[in-house]
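Each residue of the sequence shown is one higher than the one before, starting from 118 at the first, in the working numbering.
Using N, Cα and C, we set each Cβ at its ideal position, and we do this for glycine too.
In this text the structure is predicted, and so the values were computed from the model without any measurement.
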Amino acid sequence: MIKVGINGYGTIGKRVAEAVTLQDDMKIVGIVKTKPTYEMRGAIDANYPVFASTKNKIPFFESKGIEVSGVTEDLVNLADIIIDCTPGKLGVNNMEMYEKAGTKAIWQGGEKHEPIGTSFNSLTNYSESIGKDYVRVVSCNTTGLSRTLYPLLNEYGINNVQAVMVRRSGDPKDSDRGPINSIEPVLNVPSHHGPDVQTVISDLNIQTMAVKVPTTIMHVHCIIVELESEPDVSRVIELWDNTPRVDLIEGFLHNEGNKIRNLPGTAEIMEWARDSLYTRGDLNQIAVWKDGVHSFGNKLYYYQAIHQESDVVPENIDAIRAMCNIESDSFKSVEKTNKALGIN
Ligand SMILES: NC(=O)c1ccc[n+]([C@@H]2O[C@H](COP(=O)([O-])OP(=O)(O)OC[C@H]3O[C@@H](n4cnc5c(N)ncnc54)[C@H](OP(=O)(O)O)[C@@H]3O)[C@@H](O)[C@H]2O)c1
């Protein structure tokens, strides 16, 4: 049993914790919180040992009747691997602490690739993380781009990718994020997403742009791929159908000449995910609109939706297996993780 500690129990941390508890080869030995806010609830119900970020915070937890098992360093010493889900750009400051304890660590997409050295996606470069001490699971957007581009790269070869990320402004719980009545473009081109994909699919020629919009539930990507040979749309759909963690959806149904709204947008997609009783009503898979896939010559056009809070969760589980040398075959790990999480 791999002993897993979670440092940073927010949107991603609590989901990774739940996913770990559903596996039979790893378990949660503790989570770190900086303060006893409402997000403690899930940890207490799940009986995760709670660690305060620092010693001086312990009385605050105890004043709320929460039993504290120690501080961050204690959890780091106890765990085989820490999943660092602290806010982006903060997590990397913990590297020295993990190094000192000889504990492996996984960071998330809010960190840069360079100080960590290895970036991870289950489909594209699992083997690069086998036995590694420090790995970064790439961001939700990069994970989404990688999952659908990689099968195209293998089947057709890719000359160039151009993609626009329509990004949610914050997660549903983030009432302090915005904009609430504006659309904000990222004025640097390429946005960081293109270079980030290159950390898990090296040599891919990709340029990205991004805009932030007032929604909380998903990102949408508009993608144009220039392939090395002319694609057949039905073959492309078949490829994605056979790709783990990609779900093909239909925006509209057609019946006797009538066009019926089915999953035309992100609101319906997330309602569909909730109907499917996935954990928390999450959607770990990338949703690709089957009826939005088109080709003109060598160019393929498609749209996909990303549930930012959850698509990286199964990748964290696979990264643990690779780094702790418990599975060298990416397909076996992906299959095991998916089965435990109830996803395809
Ligand atoms: N949300 C997404 O859409 C998403 C998707 C993919 C990747 N990511 C990446 O995942 C990472 C975590 O993001 P998130 O969205 O989960 O953030 P989040 O919801 O803000 O959670 C981070 C948690 O870390 C805790 N924290 C803050 N300072 C800390 C410290 N010094 N030590 C320990 N814990 C601390 C906070 O809880 P307390 O202070 O209450 O303990 C907070 O709840 C980032 O790198 C982010 O870029 C996020």
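Rounded to whole angstroms, what's the CA-CA distance from Leu417 to Val303? Just pull it up for me.
-> Those two C-alpha atoms are separated by around 24 Å.
Sorry if obvious, but does the Cβ on Val149 come closer than 7 Å to a heavy atom of ligand 1?
-> At least one heavy atom of ligand 1 lies less than 7 Å from the C-beta of Val149.
Other residues of its chain near Asp191: CB distance less than 7 Å, five sequence neighbours each side excluded = These residues qualify, in order along the chain: Phe168.
DSSP three-state assignment for Asp201, whether helix, strand or coil = DSSP, reduced to helix, strand and coil, places Asp201 within a strand of the structure shown.
Return yes when the Cβ of Asn401 is within less than 8 Å of the Cβ of Ile437, no when it is not.
-> Contact: no.
Between the region 269 to 288 and the region 308 to 324, do at least 3 Cβ pairs fall closer than 8 Å?
-> The region 269 to 288 makes contact with the region 308 to 324, as at least three CB pairs between them are under 8 Å.
beta-carbon Ser180 near ligand 1 non-hydrogen atom, thresh 7 Å | For ligand 1, not one heavy atom lies less than 7 Å from the Cβ of Ser180.
Determine the contact status of Lys206 and Glu228, defining contact as a CB-CB distance below 8 Å.
-> It is a contact, given that the beta carbons lie within the stated cut-off.
Are at least three pairs of beta-carbons, each pair with one atom in the region 252 to 262 and one in the region 344 to 358, less than 8 Å apart?
-> Segments in contact, no.
Minimum length 4: unbroken alpha helix (DSSP H) runs contained in the region 219 to 285 = Look at the region 219 to 285 and you find these whole runs of alpha helix (DSSP H), each 4 residues long or longer: 239 to 242 and 257 to 273.
Buried versus exposed call for Arg378 [16 or more other C-beta atoms within 10 Å across all chains shown] | In summary, Arg378 is exposed, with fewer than 16 beta-carbon neighbours lying within 10 Å of its beta-carbon over all protein chains present.
Tell me where the alpha helix (DSSP H) around Val133 begins and ends.
-> First-last of the alpha helix (DSSP H) with Val133: Thr128 to Thr138.
Measuring CB to CB, does Thr128 end up less than 8 Å from Lys329?
-> Cβ distance not < 8 Å, so Thr128 and Lys329 don't count as in contact.
Near ligand 1: Lys453 beta-carbon under 7 Å from a heavy atom = No - ligand 1 has no heavy atom lying nearer than 7 Å to the Cβ of Lys453.
If you check the beta carbons only, do Thr241 and Tyr267 fall under 8 Å apart?
-> Result yes, Cβ atoms of Thr241 and Tyr267 sit closer than 8 Å.
Could you say if the region 443 to 461 and the region 123 to 141 meet the contact criterion of at least three C-beta pairs nearer than 8 Å?
-> Segment contact: the region 443 to 461 against the region 123 to 141, three or more CB-CB distances shorter than 8 Å; contact assigned.
Contact test: Val429 Cβ vs ligand 1 heavy atom, cutoff 7 Å = Yes, the beta carbon of Val429 sits closer than 7 Å to at least one heavy atom of ligand 1.
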